[in-house]
Amino acid sequence: MRPPCGVILFARNVETPAQLRSLTAALRCTLPPRAVLMVDQEGGRVARLRPPHWRAHPPAAALRTLRAAWLTGALIGLDCAGAGFDVVAAPVLDLAIPGAHSVIGDRAFAEEPRTVGRLGRAFAAGLLAAGIQPIGKHAPGHGRARVDSHLALPRVEANDLDADLLPFALNADLPWAMSAHIVYPAWDGALPATLSPTVIKAIIRGRIGFEGVLVTDDLAMKALSGTPADLARQALAAGCDIALYCSGEFAPTADLLARCPPLTEAAAERLAAAHAMASRRCVALDASALALERDRLLA
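Count the sequence shown with this note's numbering and you get residues 36 to 334, in order.
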């Protein structure tokens with residue numbers, strides 16, 4: 036069985052700052068060098084680090100200015116870096132589409148694509164300033180889905196998806212992106228993006244121009260059918276770099292680790308570049324001053 040490329044933690048793993056820091060330190064001692072520690076910390080509804088031990092952060096839809104988006108990214112980044120994480124699954128680059136399923140909802144910055152792209156970029160820059168690697172999600176766009184991909188497989192029937200791609204294209208140089216478990220018949224009528232070589236190579240790598248680490252959304256989500264190990268192998272063969280499986284169940288996780296192919300040389304190079312970007316962009320930040328400024332902006 037190969038060791039994982041990293042670990043993602045959830046609210047079930049989080050109790051207090053001291054407990055979490057002890058856990059992440061123990062994971063660092065157990066995992067291979069440069070393994071990633073990831074957390075899903077967008078602000079709003081999607082937050083694993085919560086009060087009273089950590090700050091509450093607003094959802095993306097509440098961030099109307101570039102400065103507010105940057106400040107929130109930086110503050111989330113400081114919380115997460117202080118807990119021992121180095122990768123955060125944010126920002127959401129999906130569009131807020133009226134009438135779509137609420138699973139995205141206020142997790143999206145806006146409906147207008149360039150606004151989403153600019154605010155998402157500012158949020159990601161804040162994370163990087165705190166030394167955290169951001170993940171733009173969910174490529175090539177979850178905003179139009181009328182079904183929650185945690186529960187079923189959505190199909191986005193629109194033929195013109197240029198607007199959905201634009202926020203991702205404007206952030207094509209981010210270190211990480213996450214694939215969507217959605218079928219886009221305009222590109223591939225059978226396979227969801229996560230499992231589709233066509234969508235990954237022609238759309239995410241091609242039209243969007245993304246060259247960083249591509250990680251799947253959670254393979255335990257009900258949008259996908261099949262064993263976790265089979266799904267991971269299919270996603271990696273389609274062009275994803277890393278398979279993400281978040282159930283916490285031991286047996287399927289062990290089977291996935293036993294059957295997954297090793298990290299490719301290209302994926303290892305992308306991971307190294309992502310780490311280097313965060314190291315290069317990290318600066319000294321005063322969390323209290325940033326929080327006061329954000330409070331004034333959002334008041």
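Every residue gets a Cβ at the ideal spot worked out from N, C-alpha and C, and that includes glycine.
- Approximately 4 Å separates the beta-carbon atoms of residue 202 and residue 152; this is inside 8 Å, confirming the contact.
- Contact annotation: residue 215 and residue 173 have beta-carbon atoms nearer than 9 Å.
- In terms of CA proximity to residue 95, 111 leads the group 89, 111, 205 and 88.
- For residue 214, the enclosing beta strand (DSSP E) stretches over residues 211-214.
- Residue 192 has its alpha-carbon roughly 18 Å from the corresponding atom of residue 137.
- As a beta-bridge residue in DSSP terms, residue 73 pairs with 43 and 122.
- Less than 9 Å separates the beta-carbon of residue 268 from that of residue 296.
- C-alpha of residue 187 to C-alpha of residue 255: approximately 11 Å in a straight line.
- A straight line joining the alpha-carbon of residue 68 with that of residue 301 spans about 17 Å.
- Assigned with DSSP and collapsed to three states, residue 190 falls in strand.
- For residue 127 and residue 157, the gap between their C-alpha atoms comes out near 12 Å.
- Between residue 52 and residue 125, the C-beta gap is not smaller than 9 Å, which leaves the two residues out of contact.
- Take the alpha-carbon of residue 290 and the one of residue 142: they are about 33 Å apart.
- Here residue 219 is bridged, per DSSP, to 223.
- The three-state reading of DSSP puts residue 298 in coil, since its state is none of H, G, I, E or B.
- Residue 155: member of the alpha helix (DSSP H) spanning 148-164, first to last residue.
- Per DSSP, the continuous beta strand (DSSP E) segment holding residue 174 begins and ends at 168-174.
- Taking residue 169 as reference, the option from 71, 285, 40 and 332 with the minimal CA-CA separation is 71.
- In the three-state reduction of the DSSP assignment, residue 250 falls in the strand class.
- Residues 212, 275 and 276 of the same chain have their beta carbon placed closer than 6 Å to that of residue 249, with the five preceding and five following residues left out of the count.
- The beta carbon of residue 37 lies closer than 7 Å to those of 292, 295 and 297 in the same chain, with the five residues before and after it left out.
- Taking C-beta atoms as the reference points, residue 278 and residue 226 fail to come closer than 9 Å.
- For residue 62, the uninterrupted alpha helix (DSSP H) run begins and ends at 52-65, by DSSP.
- Beta-bridge analysis with DSSP links residue 82 to 76.
- In chain order, 158, 161 and 162 place their CB closer than 6 Å to the CB of residue 108, counting only its own chain and leaving out the 5 sequence neighbours on each side.
- Under the DSSP definition of a beta bridge, residue 234 lacks any partner.
- In this structure, the straight-line span from the alpha carbon of residue 113 to that of residue 165 is close to 5 Å.
- Counting along the chain, the unbroken alpha helix (DSSP H) around residue 203 starts and ends at 197-204.
- Taking 9 Å as the cut-off, the beta carbon of residue 139 is found no closer than this to the beta carbon of residue 88.
- The C-beta distance from residue 270 to residue 243 rounds to 17 Å, too long to fall under 8 Å, and the pair is not in contact.
- Within the same chain, and ignoring the five residues on either side of residue 219 in sequence, the residues whose Cβ sits closer than 6 Å to its Cβ are 191.
- 42 is the residue among 76, 79, 77 and 42 whose C-alpha sits nearest the C-alpha of residue 61.
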